[in-house]
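Quick notes on the structure that follows.
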Amino acid sequence: MRRFAMALFAILAVCSAAPAAFAQTAGTAGGSSGSLFVITSGIAYAIAVAGCGLAQGKATAAACEGLARNPGAAGAIRLALILGLVFIESLTLYMFAVLYLKL
């Protein structure tokens with residue numbers, strides 16, 4: 011657990027220093043920042059989709075396990091599963107909307 015905390019602290023320290031490293035005027039940049047924005051937006055969307063896919067898989071597996079253990083609670087489990095999947099999928103759609111509006 012201590013290693014995880016130290017790694018998390020190191021990542022946060024690097025991320026907090028990133029804005030200062032990229033703070034430069036528009037005249038000194040060699041390339042256009044638009045292409046870099048498109049690439050990073052695509053990577054961010056890919057990470058969001060992958061995370062949502064993993065979450066949906068885990069939710070579905072848990073619902074199947076719950077149905078196998080207690081078939082009498084199928085209605086409640088199904089409702090909770092569908093509601094959870096809608097919320098998880100909405101995160102991907104929100105990310106897509108932000109990506110579309112920024113480009």
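Just add 10 to the spot in the sequence shown (first one is 1) and you have our numbering.
Beta carbons: idealized from backbone N, C-alpha and C, even for Gly.
None of the values given here were measured: they were computed from a predicted structure.
Span of the alpha helix (DSSP H) holding residue i?
i, result
"L113", "Note, L113: premise wrong, no alpha helix (DSSP H); not H, not E."
With a threshold of 16 other CB atoms inside 10 Å of the CB of residue i, please say whether the residue is buried or exposed.
i, result
"I49", "exposed"
"C62", "buried"
"M16", "exposed"
"I87", "buried"
With a threshold of 8 Å, are at least 3 pairs of Cβ atoms found where one atom belongs to the segment 102-109 and the other to the segment 69-82? no
Assess, as a yes-or-no matter, whether the segment 54-70 is touched by the segment 12-22 under the definition of 3 or more beta carbon pairs within less than 8 Å. no
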